[in-house]
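Heads up: the sequence shown at position 133 corresponds to 133 in full-length UniProt numbering, and the numbers run straight through without jumps.
Glycine residues also receive a C-beta, built at the ideal position from the N, C-alpha and C atoms.
The structure presented is a predicted model; accordingly, all values stated were derived computationally and were not measured.
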Amino acid sequence: MKKNPSQLRAIAHLSGPMMVLAGPGSGKTSVIVERTSYMIHHHQVPETGILVVTFSKAAAREMKERFLRLENRSGSGVTFGTFHGVFYGILKCAYGLDARNILSEEQKKQFLGELVEQYGEELRQEGEFLEELGREISMVKGNRVELEYYYSKNCPDEIFRKIYLGYQKKCRALRLLDFDDMLLNTWELLRERTDIRRAWQERFPYILVDEFQDINPVQYDVIRLLAEPRKNLFIVGDDDQSIYHFRGARPQIMMNFEKDYPGTQKVLLNVNYRCTEEILNSAMRMIKHNKNRFPKKLSTPNEKGCPVQICQLEQPRQQSLFVLKDLQKFVEAGGSLEDAAVLFRTNLEAENMVNVLMEFHLPFTMKERLPDLYEHWICRNLLDYMEMAQGDMSRKRFLAVMNRPNRYISREAVYEKRVSLESLRMYYEEKEWMCDRIDLLEEQLKLLRQMKPYAAVNFIRHGIGYEEYLRDYAAYRKIKSEELFELLDRIQESTKGMDSLEQWKEHMEDYGNKLKEQAARQSQKSEGVTISTLHSVKGLEYERVYILNVNEGSIPYKKAVLEEQLEEERRLFYVGMTRARKKLFLCYVTHQFEKERERSRFLEEVEN
């Protein structure tokens, strides 16, 4: 493809620092690949002296394949790698490490699970907690925060510190490094060992970094050490697409690059070859509301195209049916489902759309595994109450909910395989106030037995006081109680129209089986419309894109309170919008869970 002047300038650059601001769809990968080729053929730079580094194995592999196609050969001395791959290579040479020294994700999960069991029993129930805990440990390491000054976002600080120290101790005892240790150890090695640092600086006099907006402080410091003293550092990225703060990415590193490297040459790849003019202009109108960014104007040689459609729907089901009908029309007109994507802020929100697609047998591919709502511990708690009301008083079931809300029942009081409230009363016979609590529980279970599932869930929430427990738990976990109440709302919504507990359980089993069938089909062959979160669709493009639930609380997400968090939410929405080549639908609902919902403030920015 013929190159535009900005691309040509970036490709022809040889020495000193350069920052390439690459807007979406501006051909950044081809610039990196062609610059690598240009250096070899026009400046006789040895292939082995070039390091091209990025974040994912897939991106590194794609760049290497494109380079080899361009060169029309099967092998090359250029190093295309991920940060972790390159840093592992440095440590391997210095310390003789091998694959057995690298902690696998399975081992990491196992270690964290054992430590949570030991220090935070109440947190055990929650599947996602381990993932968030792992991310938080990574954040502490990546930002080199002193543990004593760190305040956990996920659990009580004392518990976090115990888990963190226990995790480090386990890794050291087994001589294992996790990904963050690899980064930190490489930084320490290069900082302390001048001889090793010089050897690697000589090895790679030219360094190119892709997706620079996603870099974290340790990665940046290692790259800076490697780039000395020549400073031949060629960075490519888009500050408007920095969306991985939760993984440690810091967009301000890119914003401050020219201060760190005075005399940096800057190029803006300002031609978007992907989107229509209408889609690009709408996305630019919205993103310009961010203050912490490089101002830029982008243009496109593509047609003007259709205006971005902002669609108001009453309820999530109507929203899903609207998308379904539009997809059916698209296919009837000769379009391919593989060229369409339905995007959400979180994967939990995709549940309604997935239900409708399964109901109407329209094929789809999930970018992430959709969590089964009915496997969530909150749903299990509700089922425990309802099963107990029907007479199933097994010890395991009773232990799970006996203090949700807190009734001050001791585990020692529950020693039988099948719990009898009479024996509990005998255990507490000298404590009248405890007997009153047990009497109340018995009365509540009797009332619950008569209720249909929707009323039963409502009674557990408000009559029994389960929401009160969730408020306390949310405070303990340092999360907003609204997040847990939203899950409750979703579960309660699914009970509508169910006449009995048995019918609801059948529905749950059927839904779980359909999800498993979908996952099995997808593992054999990916087909149909893509269902994805906004995060997971970065770097991809589709002819037709639907972004759903463009409502306050979803986009921007309810957790985003500070200005910098809102700016990241805006960038995330920008990433979603710029995935679309020809048609973009932004849909919001006016009601959900029998409450009114407000449309997103970002829609105002798109329109004006």
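Inter-residue distance for residue 73 and residue 286 is about 44 Å (C-alpha atoms, whole angstroms). Note that the segment 558-574 does not touch the segment 379-396; fewer than 3 beta-carbon pairs, one per stretch, sit closer than 8 Å.
Nearest neighbour of residue 351 by Cα position, chosen from 204, 7, 491, 96, turns out to be 491. DSSP lists 19 as the beta-bridge partner residues of residue 266. Listed in chain order, the non-local C-beta contacts of residue 367 below 6 Å within the same chain comprise 532, 536, local neighbours out to five positions each way being set aside. Along the length of the segment 344-413, whole beta strand (DSSP E) runs at least 3 residues long occupy 364-366, reported in chain order. With a cutoff of 8 Å on beta-carbon distance, residue 27 and residue 44 are scored as not near each other. Membership of residue 526 in any beta strand (DSSP E) is not indicated, and neither H nor E is assigned to it by DSSP. Under the three-state reduction of DSSP, residue 29 is assigned to helix. In the DSSP assignment, residue 557 falls outside any alpha helix (DSSP H) and carries neither an H nor an E.
The straight-line gap separating the alpha-carbon atoms of residue 237 and residue 512 is approximately 40 Å. When DSSP states are grouped into helix, strand and coil, residue 315 belongs to the coil group. By the Cβ neighbour-count rule, residue 313 is buried, with 16 or more other Cβ atoms within 10 Å of its own. Residue 122 carries a helical assignment under DSSP once its states are collapsed to helix, strand and coil.
When beta bridges are read from the DSSP output, residue 79 appears opposite 51. Note that the segment 324-343 touches the segment 542-552; at least 3 beta-carbon pairs, one per stretch, sit closer than 8 Å. Sequence-distant partners of residue 70 (beyond 5 residues in either direction) whose C-beta falls short of 8 Å from its own C-beta, in its chain, are 33, 34, 37.
Cβ neighbours of residue 55 within its own chain (closer than 8 Å, five residues either side excluded): 82, 83, 210, 211, 214. Under DSSP, the beta-bridge partners assigned to residue 237 are 21. As DSSP reads the structure, residue 606 sits in no beta bridge. Three or more Cβ pairs closer than 8 Å define a contact, and the segment 160-170 meets that threshold against the segment 134-142. Sequence-distant partners of residue 246 (beyond 5 residues in either direction) whose C-beta falls short of 7 Å from its own C-beta, in its chain, are 135. Distance between residue 273 and residue 262, taken at the CA atoms: about 31 Å.
In this structure, residue 264 lies near residue 17, with their beta-carbon atoms less than 8 Å apart. Nearest to residue 112 by alpha-carbon distance, out of 498, 132, 192, is 132.
Residue environment analysis places residue 579 among the buried positions, since at least 16 neighbouring C-beta atoms fall within 10 angstroms of its C-beta.
The DSSP-derived three-state label of residue 480 is coil. Per DSSP, the unbroken alpha helix (DSSP H) holding residue 446 starts and ends at 432-449.
Pairing residue 184 with residue 218, the inter-Cα distance amounts to about 7 Å.
Within the same chain, Cβ atoms closer than 6 Å to the Cβ of residue 309 are found at 585, the five residues on either side in sequence being excluded.
Distances from the CA of residue 504 to each of 254, 121, 454 were compared; the closest alpha carbon is that of 454.
One alpha carbon belongs to residue 466, the other to residue 404, and they sit about 6 Å apart.
One Cα belongs to residue 268, the other to residue 20, and the distance between them is close to 6 Å. By the Cβ-count criterion, residue 583 is buried, with 16 or more other Cβ atoms from all chains shown falling within 10 Å of its own Cβ. Cβ atoms of residue 311 and residue 322 come within 8 Å of each other, at about 6 Å.
About 6 Å separates the Cβ atoms of residue 590 and residue 597, confirming a contact at the 8 Å cut-off.
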